[in-house]
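**Student:** Quick note: to get our numbering, add 18 to the position in the sequence shown (first position is 1).
Just passing along the structure, written as structure tokens.
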Amino acid sequence: MLERRIIRRLLALAPLCALSACATTGSAQTSELAELKAEVRAMRETQARLEKRLERMELHTSVTQARATAPSKGTSSAPAAAEPEKSFTTPELAVVKLKPRNEPAPPLPTRVPVVEPAPEDMEMFISSAPEGDSGPGASAEPKEQLDATILDAEFEQAVAALRTGNVEGGVARLSRFAEDNPRHPRADNALYFSGLGQIGLKDHEAAAKTFERLISSYPAGDAVLDGMLRLAECRLRLNQKDDARALYTRILTQFPGTAAATQAEQRLASLSH
19 MLERRIIRRL LALAPLCALS ACATTGSAQT SELAELKAEV RAMRETQARL
69 EKRLERMELH TSVTQARATA PSKGTSSAPA AAEPEKSFTT PELAVVKLKP
119 RNEPAPPLPT RVPVVEPAPE DMEMFISSAP EGDSGPGASA EPKEQLDATI
169 LDAEFEQAVA ALRTGNVEGG VARLSRFAED NPRHPRADNA LYFSGLGQIG
219 LKDHEAAAKT FERLISSYPA GDAVLDGMLR LAECRLRLNQ KDDARALYTR
269 ILTQFPGTAA ATQAEQRLAS LSH
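So this is what it looks like as structure tokens:
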């Protein structure tokens, strides 16, 4: 619209310029044309800026409408197609049938003659029996055959003494438990916890002896690996690094792939630096 107005203005001025060509000077025409050209140029630049602004506004409007019509998170505008149910099949397991051995059991000797003990031997057995026996069925029960419930409670109380701060009392009770019940399933654990208490008391020499006893007395116990690691720790505290390295190496060679072997390998690496 602006350009049309300018063109109309130029057309209206053209006859006037022609009529007054003789009366006006050439410099006046040149200056007016220059002003008109400058005005046209400015209007074109303004129009270009307005077109760019309009494009940006249209783009912004389209993006806003797209966001408004887009489905929100967690919802869908159209019902999602039902996913096919996953079928879980039980893998086929190979059945291995073990054939019983056909070897017969070894025969037991059944022709052993029964010999009655001599009368003088019977008198020796009777005279050497402890006091209080009233017959062959009345024998004093050894301490390891006491009720398992009582022994388990005694072990738990000793461990609880360590946890509640009575370290010296807990160590004494655990040591006595292992001494009095060497065949109890928790005898090796009693020695292990007793050694831990001695480490807490900074008595590393006594702790080392306790762990040595654990390893030698219960080589197949569940506390032997931790006991070996603790013994190596005591060796380091006593400045016996060679003995500690030997223990770590023993764990690596005899018990590969265990958590204790991993710890032993890490501590060996730290000792080598």
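Just so you know, even glycine gets a beta-carbon here, dropped at the ideal spot from N, CA and C.
A quick note: this is a predicted structure, and the numbers were derived from the prediction, not measured.
#1: Give every residue of the same chain whose Cβ lies closer than 6 Å to the Cβ of Ser193, excluding the five residues on either side of it in the sequence, and list them in chain order.
#2: Using 8 Å for Cβ pairs, my map puts Gln281 next to Leu256. What's the rounded Cβ distance?
#3: As a quick exercise: from Arg253, Tyr236, Pro203, pick the residue whose alpha carbon is nearest that of Lys220.
#4: Out of Thr267, Glu186, Phe195, Val185, point me to the one whose CA is closest to Ala171's CA.
#5: Among Gln272, Gln216, Ala277, which one has its Cα closest to the Cα of Pro237?
#6: With DSSP as the reference, label His202 as helix, strand or coil.
#7: Starting from Thr276, follow the alpha helix (DSSP H) in both directions and report where the run begins and ends.
#8: Could you check whether Leu209 and Arg231 sit closer than 8 Å to each other, using their CB atoms as the reference points?
#9: Are the beta-carbon atoms of Leu265 and Ala250 separated by less than 8 Å?
#10: Leaving aside the five residues before and after Thr228 along the sequence, list all residues of the same chain whose C-beta is less than 7 Å from its C-beta, in chain order.
#11: Would you kindly work out how many angstroms separate the C-alpha atoms of Glu73 and Glu50, rounded to a whole number?
#12: Between which two residues does the alpha helix (DSSP H) carrying Lys220 extend?
#13: Less than 6 Å between C-beta atoms, sequence neighbours within five positions excluded: which residues of the same chain meet that for Ala166?
#14: What residue from Arg201, Asp198, His222, Val177 has the CA that sits closest to Gln258's CA?
#15: Residues in the same chain with beta-carbon distance under 7 Å from Arg204, minus the five sequence neighbours each way, listed in chain order, please.
#16: Specify, as a first and last residue, the run of the alpha helix (DSSP H) that Ala171 falls within.
#17: What is the C-beta distance between Ala241 and Asp206, in whole angstroms, given that I count them as a contact (C-beta under 8 Å)?
#18: Report yes if the C-beta distance between His202 and Leu169 is below 8 Å; otherwise report no.
#19: Below 8 Å on the Cβ atoms is my contact criterion, and I expect Ile233 with Gly245 to pass it. Report the Cβ-Cβ distance as a whole number of Å.
#20: Could you check which residue in Gly188, Glu197, Ala86, Arg181 has the C-alpha nearest to that of Ser235?
#21: Pick from Gly239, Leu77, Ala287: whose alpha carbon is nearest that of Pro200?
#22: Go ahead and label Val81 buried or exposed: buried means 16 or more other beta carbons lie within 10 angstroms of its beta carbon, across all protein chains shown.
#23: Quick check on Ala241: does DSSP put it in helix, strand or coil?
#24: Tell me the DSSP secondary structure of Asn207 in three-state form.
**Tutor:** By the coordinates alone:
#1: The answer, listed in chain order, is Ser212.
#2: Incorrect: roughly 19 Å between the Cβ atoms, too far for contact.
#3: Answer by Cα proximity: Arg253.
#4: Of the listed residues, the one whose Cα sits closest to Ala171 is Phe195.
#5: Considering only alpha carbons, the answer is Gln272.
#6: Coil at His202, not helix or strand.
#7: Boundaries cannot be given for Thr276, as no alpha helix (DSSP H) includes it and DSSP labels it neither H nor E.
#8: Yes, the Cβ-Cβ distance between Arg231 and Leu209 is below 8 Å.
#9: In this structure, Ala250 lies closer than 8 Å to Leu265 by Cβ.
#10: Once the five neighbours on either side are set aside, the close Cβ partners of Thr228 are Leu209, Ser212, Gly213, Gln216.
#11: Going by the C-alpha atoms only, they are around 35 Å apart.
#12: It is not in any alpha helix (DSSP H) - Lys220 carries neither H nor E in the DSSP assignment.
#13: Exclusion of the five residues before and after Ala166 leaves no residue of its chain whose Cβ lies closer than 6 Å to its Cβ.
#14: Restricting attention to Arg201, Asp198, His222, Val177, the CA atom closest to the CA of Gln258 is found in His222.
#15: Non-local beta-carbon contacts of Arg204 in its own chain, meaning distances under 7 Å to residues more than five positions away in sequence, involve Phe173 in chain order.
#16: First-last of the alpha helix (DSSP H) with Ala171: 166–181.
#17: Right, their Cβ atoms sit about 5 Å apart.
#18: Inclusion of His202 and Leu169 in the CB contact set at 8 Å is warranted, their separation being smaller than that value.
#19: Sure, about 6 Å apart at Cβ, within 8 Å.
#20: Ranking the options by Cα distance to Ser235, first place goes to Glu197.
#21: Just measuring C-alpha positions, the residue of Gly239, Leu77, Ala287 sitting nearest Pro200 is Gly239.
#22: With fewer than 16 other Cβ atoms within 10 Å, it is exposed.
#23: Here Ala241 sits in coil by DSSP.
#24: Correct three-state label for Asn207: helix.
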